[in-house]
Every structure is written in structure tokens, then in C-alpha cells.
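Participant: Residue 1 is where the sequence shown starts when you use UniProt numbering, and the numbers rise one by one after that. Ideal Cβ placement from N, Cα and C applies to all residues, glycine included.
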Amino acid sequence: MHHPVMNNFRGSNMSMNKPRPGFAYVRNLNFEEAVGTTWGNLNARFIQLDPAMNQMSATEIERLDIDPSETLASFYPVVRVGRNYLRYCGGPLSQNERPRYLGEPVLKYTSGEGWFCTTINLALASDTPNLKKFSTYIKQLKHSIAKLPIYYHGTVMRGMNMSRSEVAAYETLGQPFYIPSFTSTSKSHPFDGNTVLHIDLSSGSSKDCMEVPPQFTTYQHEEEILLACYSRYSYERTEKSNGQRIIKLRLLNPHKSIPIYGWDKRNFWY
């Protein structure tokens with residue numbers, strides 16, 4: 001499956017048969033391309049950098065074979081749209097930006113070289129100015145998701161390794177929120193991780209999700225459903241099953257205007 005934040009990227013020292021989502025290692029090419037190499041101005045509402053020992057239990061660190069001092073990036077759900085997303089990725093496609101066919105951006109997302117989907121989602125999840133160079137593609141993929149059909153309206157799953165602060169963010173926001181990145185899910189194959197998201201699609205808009213047809217992916221067996229960036233969710237509850245955390249979310253229909261981060265009277269971003 002093709003996920004926003006994965007455990008091994010181009011240039012990572014991790015060795016796994018299948019990349020899985022969750023926190024990101026900052027020492028990899030996807031992170032550098034998406035976020036950059038200078039991190040002094042990162043928006044703490046979106047991203048936080050911490051040593052693994054501050055974000056995971058000793059048992060999880062051992063299970064994942066992580067150096068406890070390894071710097072991890074945690075990514076958070078947000079209640080307002082990021083200013084860089086609004087600046088570079090808002091608005092419709094112009095006529096000359098439209099893809100040749102609707103499946104073209106989907107195929108690039110699911111099968112692009114160098115885990116292209118990871119780079120895109122890291123850029124969205126961190127809301128840095130680097131979004132500018134991906135803006136046309138992001139709008140193309142949003143357009144395809146809105147236009148391509150979905151016939152499934154049940155619950156989808158996504159297995160991931162989540163840091164402590166990521167879990168806390170979902171559980172304590174107390175209001176509807178947005179996941180800034182595109183979200184890959186499956187009807188039946190959640191993959192491993194310390195957390196599985198269960199997302200109920202029954203209340204959502206068909207413009208926010210699509211079933212990925214076999215011809216648009218090299219992973220036909222995954223029954224993938226792709227959710228658009230900045231889709232709107234509510235947190236329902238957290239459960240435990242066989243030692244695994246299950247976070248239950250509901251996809252919401254975006255029935256009211258989306259707030260944005262903007263300038264306050266002192267000219268600071270809030």
C-alpha cells in the first residue's frame with residue numbers, strides 16, 4: 001500500500017519487505033526532498049522532531065529495531081488548513097494543468113519511482129513551502145479522486161506505527177479535524193503496526209475518496225481506497241485488540257467552510 005509516512009524510504013538504512021506508514025525518519029531522501037534540510041521554521045501544529053526514545057516505548061523501539069537516538073518526525077491531524085497548502089494547492093486546475101486522463105495521477109501515486117507518494121505526503125503533512133513544486137500534481141490527484149467513482153461505503157483500515165504524540169493528537173483534539181496528506185487504506189489488508197486506523201466512510205462525500213482500479217496500481221490485491229488530502233474526520237474512540245491499538249475515525253462530509261491558518265493583528269501566523 002502507498003502511504004503518507006513510511007518506515008523505509010530512499011536512502012534509509014531500514015530493511016523491510018513492505019514499507020508501512022507512521023512516523024518518518026528524517027535521514028532519508030524523501031524527507032529531505034519534501035521538507036528540506038533546514039528545520040528551524042517547521043510548523044509545530046503539523047510536525048514535531050524528537051528522538052525515538054521520547055516518542056516510543058522501549059519495547060516498540062526494540063521491535064522496530066530503531067536506534068533510540070534516531071530522530072523521528074511525528075505528523076499531526078489539524079483543525080485548520082495549512083497556509084502553504086492554501087497558497088500553492090488551493091483552487092481548481094487550469095485547462096493546461098489537467099492530466100491526460102483521470103488515472104494518470106493515480107498511477108503515479110501508487111506506482112511512482114522512489115516512493116513518490118511518500119515525498120508528496122511528507123510535503124503535505126509538514127506544510128512547508130516545498131509544497132510549491134508539487135502543487136500541480138497535488139491538484140491533479142485531488143481532481144482524479146473527486147471524479148473517479150467509489151461504490152464501497154463501509155469501513156477501511158490502515159496499519160501504521162504511531163508515536164505517542166501522534167496518538168495523543170487524535171485522541172485529544174475534541175473536534176473535527178483534517179489529515180493533511182492523502183490517505184491510502186484497504187478494505188481488507190491493514191498491514192502491521194502498533195496502530196490500525198479504522199475509518200468509517202458511510203458519512204463521507206464521494207468526492208473525498210475513490211476505489212483504486214487494478215489498472216491504476218501495481219498492487220492489485222490490496223483493495224485500495226484512496227482518500228483525498230485535507231479530508232475531514234471525527235475521532236470516535238480507541239480500542240485494543242490482541243495488543244494492537246485501534247483508532248476509530250469517521251470520514252465527514254465537508255458541509256461547512258474550512259478554516260485556515262492566517263495572520264493575527266501582530267502579523268504572526270496562528
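Can you give me the start and stop residues for the beta strand (DSSP E) that Y137 sits inside?
Facilitator: Locating residue 137 in the sequence shown gives position 137, counting from the first residue. Y137 -> not in any beta strand (DSSP E); alpha helix (DSSP H) instead, spanning S135 to K147.
Participant: Please list the terminal residues of the continuous alpha helix (DSSP H) segment that includes T217.
Facilitator: For the purposes of this step, residue 217 is identified with residue 217 of the sequence shown, where counting begins at 1. T217 -> no alpha helix (DSSP H), and no H or E assigned at all.
Participant: Just list the beta strand (DSSP E) runs in the segment 15-95, keeping only unbroken ones of 3 residues or longer that don't cross its boundaries, in chain order.
Facilitator: The segment 15-95 contains these whole beta strand (DSSP E) runs: 47-51 and 71-75.
Participant: What do you reckon, is the C-beta of S144 under 7 Å from a heavy atom of the ligand HEM?
Facilitator: Here there are no bound small molecules, and the ligand HEM is not part of this structure.
Participant: Between the Cα of S231 and the Cα atoms of L173, C209 and I225, which residue gives the shortest distance?
Facilitator: Position 231 of the sequence shown holds residue 231. Ranking the options by Cα distance to S231, first place goes to C209.
Participant: From the DSSP output, in three-state form, read off residue 275 for me.
Facilitator: Past the boundaries of the shown model lies residue 275; the chain is included only from 1 to 270, so the question cannot be answered.
Participant: Tell me Q244's beta-bridge partners as DSSP assigns them.
Facilitator: Here residue 244 corresponds to residue number 244 of the sequence shown, with the count starting at 1. Answer is S241.
Participant: Measuring alpha carbon to alpha carbon, tell me which of H198, H153 and N242 ends up nearest K207.
Facilitator: Taking the sequence shown and counting its residues from 1, the one referred to as residue 207 is at position 207. Residue H153 is the option with its Cα nearest to K207.
Participant: Measure how close the beta-carbons of I225 and I150 come, nearest whole angstrom, since I'm counting them as under 8 Å.
Facilitator: As a working note, residue 225 is residue 225 in the sequence shown. As a working note, residue 150 is residue 150 in the sequence shown. Contact holds; Cβ gap of about 7 Å.
Participant: How many Å lie between R250 and M157 at the Cα?
Facilitator: Here the question's residue 250 lines up with position 250 in the sequence shown. Here the question's residue 157 lines up with position 157 in the sequence shown. Near 12 Å, if we compare the C-alpha coordinates of M157 and R250.
Participant: Tell me, please, whether the segment 210-218 touches the segment 100-114 by the rule of three or more beta-carbon pairs shorter than 8 Å.
Facilitator: Yes: at least three Cβ pairs fall under 8 Å.
Participant: Considering just the uninterrupted stretch of the alpha helix (DSSP H) at R164, what are its terminal residues?
Facilitator: Working through the sequence shown from its first residue, we reach residue 164 at position 164. R164 to T172 is the extent of the alpha helix (DSSP H) around R164.
Participant: Where does H189 sit, in a helix, a strand or coil, going by DSSP?
Facilitator: Translated into positions along the sequence shown, residue 189 becomes position 189. DSSP places H189 in coil when its eight states are reduced to three.
Participant: Tell me the DSSP secondary structure of G159 in three-state form.
Facilitator: Looking up residue 159 in the sequence shown gives position 159. G159: strand per DSSP, three-state reduction.
Participant: Quick check on the DSSP output: the beta strand (DSSP E) that includes L107 runs from which residue to which?
Facilitator: Sequence index remark: in the sequence shown, residue 107 carries index 107 (1-based). No beta strand (DSSP E) holds L107; the alpha helix (DSSP H) holding it covers G103 to S111.
Participant: Alpha carbon to alpha carbon, what distance is there between E222 and I66?
Facilitator: As a first step, residue 66 must be located in the sequence shown, where it is residue number 66. As a first step, residue 222 must be located in the sequence shown, where it is residue number 222. Each residue's Cα considered, the two are about 27 Å apart.
Participant: Just to confirm my understanding: we take P254, look at its own chain, exclude 5 residues before and 5 after, and list those with CB closer than 7 Å. What are they?
Facilitator: Start at 1 with the first residue of the sequence shown, and residue 254 comes out as number 254. Within the same chain, P254 has close Cβ partners S205 and R232.
Participant: Could you tell me which residues DSSP puts in a beta bridge with F177?
Facilitator: Counted from its first residue, the sequence shown places residue 177 at position 177. In DSSP, F177 forms a bridge with Y233.
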